[in-house]
Amino acid sequence: MWTEILVGIVALLAGIALGFFIARRYMMTYLKKNPPINEQMLKMMMMQMGMKPSQKKINQMMSAMNKQTK
């Protein structure tokens with residue numbers, strides 16, 4: 001009886017841990033393929049804030065965001 005309960009608890013914990021790592025890997029892969037902000041979106045945001053975005057400034061902001069995500 002105790003062994004059945006112990007096996008059930010171990011299986012539950014293993015399933016939770018495995019599910020966590022699978023979900024984490026999936027999300028990291030998804031975010032690499034589909035970054036949340038791209039250059040076009042950044043340019044539009046800057047224009048809405050009343051700034052005139054130069055390509056140099058956009059590249060600097062994109063590289064800063066990429067460094068932050070790594």
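Counting from 1, one number per residue, gives the positions in the sequence shown under our numbering. Glycine is no exception: its CB is placed at the ideal position from the N, C-alpha and C atoms. Computed from a predicted structure; not experimentally measured.
>> Between the alpha carbons of K51 and L42, how many angstroms are there, rounded?
In response: Stepping through the sequence shown from its first residue, residue 51 is reached at position 51. Stepping through the sequence shown from its first residue, residue 42 is reached at position 42. Before going further, note that residue 51 is Met rather than Lys in the sequence given. Between the C-alpha atoms of M51 and L42 there is a straight-line separation of about 11 Å.
> Does the distance from the CB of P53 to the CB of M46 come in under 8 Å?
Replying inline: Locating residue 53 in the sequence shown gives position 53, counting from the first residue. Locating residue 46 in the sequence shown gives position 46, counting from the first residue. Yes, they are a contact pair.
>> Excluding the 5 residues flanking M62 on each side, which residues of the same chain have their C-beta closer than 7 Å to its C-beta?
In response: As a position in the sequence shown, residue 62 is number 62, starting the count at 1. Excluding positions up to five away in sequence, the list reads E39 and L42.
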